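Asker:
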Amino acid sequence: MAVEIKDLKNIQNTTYGVDKIFDGAEDFLPLNGTDYVELYVGNAKQSALYYKTAFGFQSEAFSGMETGVKDKVSYVLKQDKIRLVLTTSLEEGGEINEHINKHGDGVKVVALWVDDATKAWGETTKRGAKSFFEPRKEEDEYGYVVRSGIHTYGETVHIFVERDHYNGVFLPGYKKWESHYNPAPLGLRYIDHMVGNVGWGEMNQWCEFYAKTMGFAQIISFDDNDISTDFTALMSKVMSNGNGRIKFPINEPAKGKKKSQIEEYIDFYNGPGVQHIAVATNDIVKTVSAMRDRGVEFLYVPENYYDDILERVGNIDEDIDVLKKHGILIDRDDEGYLLQLFTKPVVDRPTMFFEIIQRKGAQSFGKGNFKALFEAIEREQENRGTL
Ligand code: FE2
Numbered sequence: 006m007a008v009e010i011k012d013l014k015n016i017q018n019t020t021y022g023v024d025k026i027f028d029g030a031e032d033f034l035p036l037n038g039t040d041y042v043e044l045y046v047g048n049a050k051q052s053a054l055y056y057k058t059a060f061g062f063q064s065e066a067f068s069g070m071e072t073g074v075k076d077k078v079s080y081v082l083k084q085d086k087i088r089l090v091l092t093t094s095l096e097e098g099g100e101i102n103e104h105i106n107k108h109g110d111g112v113k114v115v116a117l118w119v120d121d122a123t124k125a126w127g128e129t130t131k132r133g134a135k136s137f138f139e140p141r142k143e144e145d146e147y148g149y150v151v152r153s154g155i156h157t158y159g160e161t162v163h164i165f166v167e168r169d170h171y172n173g174v175f176l177p178g179y180k181k182w183e184s185h186y187n188p189a190p191l192g193l194r195y196i197d198h199m200v201g202n203v204g205w206g207e208m209n210q211w212c213e214f215y216a217k218t219m220g221f222a223q224i225i226s227f228d229d230n231d232i233s234t235d236f237t238a239l240m241s242k243v244m245s246n247g248n249g250r251i252k253f254p255i256n257e258p259a260k261g262k263k264k265s266q267i268e269e270y271i272d273f274y275n276g277p278g279v280q281h282i283a284v285a286t287n288d289i290v291k292t293v294s295a296m297r298d299r300g301v302e303f304l305y306v307p308e309n310y311y312d313d314i315l316e317r318v319g320n321i322d323e324d325i326d327v328l329k330k331h332g333i334l335i336d337r338d339d340e341g342y343l344l345q346l347f348t349k350p351v352v353d354r355p356t357m358f359f360e361i362i363q364r365k366g367a368q369s370f371g372k373g374n375f376k377a378l379f380e381a382i383e384r385e386q387e388n389r390g391t392l
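All residue numbers for the sequence shown refer to the working numbering, where the first residue is 6 and numbers rise by one.
(1) Considering just the uninterrupted stretch of the beta strand (DSSP E) at residue 45, what are its terminal residues?
(2) DSSP three-state call for residue 265: helix, strand or coil?
(3) Taking the C-alpha atoms as reference points, what is the distance between residue 96 and residue 336?
(4) Applying the criterion that 16 or more other CB atoms from any shown protein chain within 10 Å of the CB defines a buried residue, is residue 8 buried or exposed?
(5) Beta carbon of residue 197, beta carbon of residue 284: below 8 Å?
(6) What ranges does the alpha helix (DSSP H) occupy inside the stretch 259 to 341, keeping only unbroken runs of at least 4 residues that lie completely in it?
(7) Distance check for residue 138 and residue 71, CA to CA, integer angstroms please.
(8) Specify which residues have a beta carbon nearer than 6 Å to any heavy atom of the ligand FE2, listing them in chain order.
(9) Should residue 110 be flagged as near chain D, meaning a C-beta pair shorter than 8 Å?
(10) Compute the Euclidean distance between the alpha carbons of residue 191 and residue 55, then round it to the nearest angstrom.
(11) Given 8 Å as the limit, is there contact between the stretch 286 to 303 and the stretch 326 to 335, that is, 3 or more CB pairs closer than that?
(12) Any contact between the stretch 119 to 134 and the stretch 158 to 166? By contact I mean 3 or more CB pairs, one from each, below 8 Å.
(13) Which value, in whole angstroms, describes the spacing of the CA atoms of residue 354 and residue 104?
(14) Go ahead and pull the three-state DSSP assignment for residue 128.
(15) For a quick check, are the C-beta atoms of residue 186 and residue 87 less than 8 Å apart?
Structure below.
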């Protein structure tokens with residue numbers, strides 16, 4: 006199946022560099038971008054140190070016993086437009102511990118920045134989204150925010166954040182996190198897309214959920230003929246909001262001779278969840294080599310991937326030998342090319358990982374790399390005994 010990107014019209018080029026209107030997407034839910042991503046983790050203090058050291062995130066805000074919160078701790082990390090919130094429980098039992106027990110460390114909240122969180126909740130729940138919580142005003146001495154939430158696949162939720170009237174460091178109740186340990190940022194700029202893995206036969210249902218309740222349009226579709234190796238397969242569709250700032254590919258497993266990487270994820274996460282967070286950089290060589298120096302492990306692609314690469318992708322600005330040295334993958338579509346690389350899982354279960362992506366015109370997702378990538382994942386599965 007050919008990769009298809011529907012009729013892109015430039016409207017404005019503001020903060021994200023990719024402001025497009027996707028035909029078919031409806032505008033009842035205007036989204037300004039990703040506001041934050043919150044992970045429930047077993048040890049937020051140590052996770053925060055990992056993301057600061059290995060990914061170059063900066064200390065931003067904190068909430069916990071020192072700010073009057075007795076039952077949980079959250080560290081907020083920032084790098085350019087990306088905010089990560091790492092939350093752990095201070096108590097026995099409860100929703101956070103249950104989430105961690107079931108899923109391991111993983112993404113609970115994909116928060117979306119809106120102008121009107123009350124309207125966002127009203128429009129989505131009216132169209133069938135299940136409420137996570139009703140619109141509520143949260144305030145402190147720096148002003149107020151309005152937040153509301155809906156459920157999506159698995160136990161993942163979307164929270165709408167309206168923050169026009171807030172000047173504090175993150176959200177009401179959070180204090181600036183001052184740290185003496187501030188490793189340099191590594192050029193991660195914004196979240197390019199976030200991928201959800203759902204169960205067998207559930208992809209279309211969740212794509213319809215994003216179309217119906219949030220007005221997203223499907224921009225790309227891959228079936229198991231596109232995404233399969235000799236052993237494993239998956240299917241994927243990419244849903245985008247109207248201005249293209251929010252893109253959610255949804256994967257489901259497909260039958261192969263051996264176990265799909267999506268099935269492995271579902272087995273270990275115990276259900277659907279966020280598979281990877283793709284973060285954009287302007288200089289992938291610099292970003293990836295620094296991340297590697299700081300301990301991040303990336304998937305290994307065999308050197309023969311580069312043998313016929315220029316025939317496949319045409320001329321590129323970068324030196325192939327440099328890309329090869331770092332294992333960076335290249336793919337081209339009608340609009341340009343992209344460079345990408347995937348980390349190994351960043352948690353102990355074979356579940357969540359990150360993608361580092363640099364777009365040079367291309368708006369697609371690296372279809373040409375799927376085979377090499379999946380063979381690399383299969384080698385990891387083989388090592389884990391889960392293939
Ligand atoms: Fe991706």
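Yeah, the Cβ is synthetic: ideal placement off N, Cα and C, and Gly gets one too.
Values in this document were obtained by computation on a predicted structure and should not be read as measured data.
Answerer: The answer reads as follows:
(1) Run containing residue 45: 38 to 45, per the beta strand (DSSP E) assignment.
(2) Residue state, collapsed to three classes: coil.
(3) Between residue 96 and residue 336, the alpha-carbon positions lie close to 47 Å from each other.
(4) Low confidence applies to residue 8: its pLDDT is 33, below 50, so where it sits in the model is not reliable, and the reading given next is rough at best. So residue 8 ends up on the buried side.
(5) Less than 8 Å separates the beta-carbon of residue 197 from that of residue 284.
(6) Runs found: 266 to 274, 289 to 298, 314 to 318 and 325 to 331.
(7) C-alpha of residue 71 to C-alpha of residue 138: approximately 26 Å in a straight line.
(8) Per the Cβ criterion, the list is 198, 200, 281, 283, 360 and 370.
(9) The chain labelled as chain D is not found in the depicted structure, where only one protein chain is given.
(10) The C-alpha of residue 191 lies about 14 Å from the C-alpha of residue 55.
(11) At 8 Å Cβ cutoff, the stretches touch.
(12) Verdict: yes, contact present.
(13) Computed Cα separation, rounded: 14 Å.
(14) Note: residue 128 maps to helix in three-state DSSP.
(15) Taking 8 Å as the Cβ cut-off, residue 186 and residue 87 do not qualify as a contacting pair.
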